[in-house]
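Asks: To start, I am sharing the structure in question, which I have written as structure tokens.
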Amino acid sequence: MRYLLQQCGESLPIPEDVVKAAAADEGRGYIILRQLCVHFGKSLNISEDVVKAAAADEGRGYIILRQLCVHFGKSLNISEDVVQAAAANIGDGYRIMCELRECFGESLPISEDVVKAAAANQGDGYGIIRQLCEYFGESLPISEDVVKAAAANQGDGCKVLQQLCEHFGESLPSYGCTWTNQSTSP
């Protein structure tokens, strides 16, 4: 790729599909994307679909998002769909959410669907929910669907529910359930 970029200079058209494929490549896509960023600078077109593909990349998504955040900063298009893809990422969701939170802080769009995706995440769900609770506090949107997603999560579900109970306490919607502490004292 480097050779091709050096030979063609700025005249080489890079379609969005190529950039998106690099962002979704769990192997060496981050290297290709870094070369594209270095070569084209801020003129490289990074669409929402490209960022979403990086957020869903379970292999190196956090590296790609870090590169994009460093290169483009707050001009990067971070939509609710991008954050939802990161929250649903089983392999790398926690680290991707850390990158997004570090880059965008409170301007990160956190909706009920994002929280629901995190609660359903069987790999990184607990870590993501813990992070969201710590950072967004009581403003975190919790609904019956979020609680149901956590309850249906066969991986991290128990820990997700425990985190939600600890964070929201009595204000956590129980929807007819009675929350009890199942720990046993010696």
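Numbering follows this note's numbering, with no gaps: position 92 of the sequence shown is 92.
Each residue gets a CB set at the ideal place from its N, CA and C atoms; glycine is no exception.
None of these values were measured; they are calculated from a predicted model.
For residue 146, collect the residues of the same chain with a Cβ closer than 7 Å to its Cβ; drop the 5 residues on either side in sequence, then sort them by chain order.
Replies: The answer, listed in chain order, is 112, 115, 116, 119.
Asks: Could you give the first and the last residue of the continuous alpha helix (DSSP H) run that contains residue 20?
Replies: Segment 16-24, the alpha helix (DSSP H) holding residue 20.
Asks: Could you spell out the range, first to last residue, of the alpha helix (DSSP H) harbouring residue 33?
Replies: Per DSSP, residue 33 belongs to the alpha helix (DSSP H) from 29-40.
Asks: Of the choices 51, 79, 81, whose alpha-carbon is the least far from that of residue 67?
Replies: Checking every option, the nearest Cα to that of residue 67 belongs to 51.
Asks: Report the residue from 54, 127, 72, 49 whose alpha carbon sits nearest the alpha carbon of residue 38.
Replies: Answer by Cα proximity: 72.
Asks: From this set, 86, 18, 165, which residue's C-alpha is nearest residue 32's C-alpha?
Replies: The residue with the shortest Cα to Cα distance from residue 32 is 18.
Asks: With H, G and I counted as helix, E and B as strand and the rest as coil, what does DSSP make of residue 122?
Replies: Coil, per DSSP.
Asks: Going by CA-CA distance only, name the one from 126, 36, 135, 141 that's closest to residue 102.
Replies: With distances taken between Cα atoms, residue 102 lies closest to 135.
Asks: Roughly how many whole angstroms lie between the Cα atoms of residue 153 and residue 64?
Replies: So the two alpha carbons sit approximately 28 Å from each other.
Asks: Measuring only the C-alpha atoms, how far is residue 187 from residue 123?
Replies: Examination of residue 187 is not possible in this model, given that the chain is present from 1 through 186 alone.
Asks: In the stretch 48-81, which residue ranges form an unbroken alpha helix (DSSP H) of at least 4 residues, counting only runs that do not cross its ends?
Replies: Complete alpha helix (DSSP H) runs here, min 4: 48-56, 61-72.
Asks: My output table needs one value for residue 132: the three-state DSSP class, helix, strand or coil.
Replies: It is helical.
Asks: For my contact list, residue 78 and residue 104 are in at a C-beta cut-off of 8 Å; report their separation, rounded to the angstrom.
Replies: Rounded, the Cβ-Cβ distance is 6 Å, consistent with contact.
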